[in-house]
Every structure is written in structure tokens, then in C-alpha cells.
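Structure first, commentary second.
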Amino acid sequence: DYVNVRLEAIRAEYQKMPAFHHEEEKHNLEMLKKKGKDIFHQLHLSKTKMAHRREILRGTYAELMKMCHKPDVELLQAFGDILYRSESVLLHMPQPLNLELRAGPITGLRDRLNQFRVDITLPHNEANSHIFRRGDFRSICIGCDRQNAPHITATPTSFLAWGAQTFTSGKYYWEVHVGDSWNWAFGVCNKYWKGMNQNGNIHGEEGLFSLGCVKNDIQCSLFTTSPLTLQYVPRPTNHVGLFLDCEARTVSFVDVNQSSPIYTIPNCSFSPPLRPIFCCIHL
């Protein structure tokens with residue numbers, strides 16, 4: 231299940247670290263297991279409450295249908311009680327749960343990844359105000375709809391940009407600054423993906439290995455592609471790292487500020503040369 235996948239991902243990172251991290255690894259794994267059990271317990275309680283409320287609503291509905299056939303005077307006399315009970319049921323409906331599995335920081339994670347650090351550049355004709363270089367030229371900024379920015383367009387519009395670099399073998403690491411934005415995605419793509427998805431029109435996820443963030447109503451959700459998978463981790467709010475291992479055929483994402491792994495896409499069907507890709511969408 232998802233908790234076990236997270237546990238294995240953390241164990242895999244610690245296997246690459248010095249042995250003196252053993253106590254930290256043990257602590258982080260135990261905390262994650264506890265959080266997983268707590269979420270499972272909350273889901274079970276929520277399911278029970280929803281089943282109970284469903285029966286109450288069914289009973290209220292049946293009673294309302296029966297009242298429709300009563301005389302007007304009798305209907306008015308009973309209406310107040312029915313209305314009160316209906317409102318009470320709605321007020322006590324189960325609320326959405328926080329399903330985020332927050333992992334503890336892994337000491338030295340960024341230092342290890344920085345051994346493979348590369349600078350990603352964007353061709354001048356592909357850069358725009360939504361995907362741009364930071365002033366220190368060490369990472370890319372990406373994002374639409376920052377919390378303090380107005381909508382630029384009333385219709386859905388996507389912006390795509392590809393990095394100038396290509397990769398065929400080896401290990402590489404770079405970072406993207408996402409800030410407090412949402413409706414973004416970035417990763418790497420196969421050589422044929424750019425030709426299939428020109429002009430901001432995205433046709434499926436085949437050949438795309440990315441992490442994305444979308445806003446649904448009042449909350450944001452993270453997902454990865456190949457295959458499309460929801461990630462139940464806290465939304466990163468500053469820097470996100472990408473580690474590409476061509477030989478292992480994996481793409482890993484890291485919450486830099488929390489020093490913790492987000493997800494590793496395994497068994498990637500790479501078709502080199504691979505190219506960095508950045509996307510944001512106005513909704």
C-alpha cells in the first residue's frame with residue numbers, strides 16, 4: 231500500500247547515507263508508521279460516520295416524501311421539526327481528512343544530491359513570465375496563480391518550456407523554485423515528446439516523467455506521471471529537487487526545504503535523449 235511505498239523510499243535513501251544515520255532512520259520510519267495507522271483509523275471512523283449519516287438521510291427523505299401527501303395544515307405543523315433535524319444532519323456531516331504522510335528530514339540528503347548538480351538553462355524563445363531563471367542562475371522558477379497574483383486569463387491556458395540540455399546517460403540533479411504557486415508541473419520527457427506536444431497542447435502523459443501540483447477548490451494535490459499517481463505528501467512551498475538516474479531508469483523528486491523524498495518514479499521507459507520540461511496552467 232501507499233504507506234509501505236513511502237517507507238521503502240525512505241529506507242532506500244538511508245541506504246545511500248553514512249551508517250551513523252541509523253537512529254534518525256529508525257525514528258523517521260516509526261513516525262511514518264504511526265502517522266499511517268492514525269490516518270487508517272481516521273478513515274475507518276469517517277466511513278462508519280458516513281454510513282450512519284446515510285441511514286439518517288434516507289429516513290429523513292422517506293419522512294419528507296410521506297409528508298408531501300398530508301394536508302397543508304398538518305404539513306406546516308410538522309415542517310419546523312423536520313427542517314431542524316435536516317439542518318442538524320447536514321451540520322454534522324463528516325469532514326475531509328488530511329491524508330498527508332509527512333516524513334521527517336533526512337540529514338545530508340541535499341548534500342549528497344548536490345554531487346550531481348547541473349544548471350538548467352532555457353532557450354530564449356521558450357522562456358516566459360511564468361517559467362524563468364532565478365537571479366542566481368542556480369535554479370528555475372515556475373508557477374502560475376501565486377496566491378497574491380490575479381488571474382491573467384479567463385480561459386484555461388498552458389505554458390510549456392523545455393530545457394536546453396539533453397541527457398543520455400549518467401546522474402543529474404537540479405532544483406526548481408515553486409514558491410507558493412500551484413497548477414505547475416516539471417520533470418523530464420523523452421525525445422519524441424516535444425514534437426507531440428507543441429504549442430502548449432498536452433496529448434497524454436506517455437514519455438513524460440514529472441511531478442505536478444493542482445488546486446482543487448480549497449486544497450492542492452500533488453501527482454506524478456508514468457503512471458498518473460496521487461502523492462499524499464505536504465505540498466512543497468519553496469524548492470523541489472529532481473534527481474535523474476539514467477542507468478537506474480528512475481526520476482526522483484525531493485522537498486528541499488524539508489530534506490525529504492517526495493516520490494521516485496521507477497522503471498521509466500526512457501527514450502534518450504531526455505530533456506527537462508516545465509509547465510504551468512491558468513485555470
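Here this note's numbering is used: the first residue of the sequence shown is 231, the next is one more, and so on.
Glycine included, each C-beta is placed from N, C-alpha and C at the ideal position.
Within 8 angstroms, strictly: CB atoms of residue i and residue j
i, j, result
"Ser489", "Leu339", "yes"
"Leu352", "Ala391", "yes"
"Asp485", "Pro502", "no"
"Ile492", "Leu441", "yes"
"Ala415", "Cys509", "yes"
"His407", "Thr337", "no"
"Val444", "Asn487", "no"
"Asn446", "Gly334", "no"
"Glu253", "Tyr244", "no"
"Phe483", "Gly471", "yes"
"Arg342", "Lys246", "yes"
For residue i, the residue or residues it bridges with in DSSP
i, result
"Ile336", "Answer is none; Ile336 lacks a bridge partner."
"Lys445", "Cys450"
"Ser490", "Asp485"
"Gln461", "Leu452"
"Ser440", "Gly417"
"Trp392", "Ile507"
"Phe397", "Leu504"
"Arg347", "Tyr403"
Contacts around residue i, its chain only, beta-carbon distance under 7 angstroms, and the 5 residues preceding and following it disregarded
i, result
"Val418", "Phe439, Leu474, Val481, Leu504, Arg505, Pro506 and Ile507"
"Trp423", "Gly437 and Leu438"
"Tyr232", "Tyr462"
"Ile350", "Ile370, Gly393, Gln395, Trp404 and Pro506"
"Asn185", "Here the chain has residues from 231 to 513 only, and residue 185 is not among them."
"Ala249", "none"
"Glu330", "Tyr462, Val463 and Pro464"
"Gly266", "Val233 and Leu331"
Extent of the continuous beta strand (DSSP E) to which residue i belongs
i, result
"Ala415", "Trp414 to Cys419"
"Val406", "Lys401 to His407"
"Gly471", "His469 to Asp475"
Cβ neighbours of residue i in the same chain (closer than 8 angstroms, five flanking residues each side left out)
i, result
"Asn344", "Tyr403"
"Leu327", "Ile269, Gln272, Leu273 and Ser276"
"Glu237", "Residue identity differs from the one stated: residue 237 is Leu in this sequence, not Glu. Taken in chain order, the residues that qualify are Leu259, Leu262 and Lys263."
"Phe397", "Val418, Leu474, Cys476, Pro502, Pro503, Leu504 and Arg505"
"Arg284", "none"
"Thr459", "Phe453 and Tyr493"
Whole-angstrom C-beta distance between residue j and residue i, which should lie under 8 angstroms
i, j, result
"Cys476", "Ser399", "5 angstroms"
"Thr494", "Ala239", "6 angstroms"
"Arg479", "Asn497", "6 angstroms"
Cut-off 6 angstroms between Cβ atoms - residues of its own chain near residue i, not counting five sequence neighbours on either side
i, result
"Arg332", "Pro464"
"Arg241", "none"
"Val235", "none"
"His381", "Low per-residue confidence applies at His381: pLDDT is 40, beneath 50, and the placement is therefore not dependable enough to give any value."
"Val348", "Tyr402 and Trp404"
"Phe346", "Lys401, Tyr402 and Tyr403"
"Gln449", "none"
Residue range of the alpha helix (DSSP H) that includes residue i
i, result
"Ser276", "His252 to Met297"
"Gln245", "Tyr232 to Gln245"
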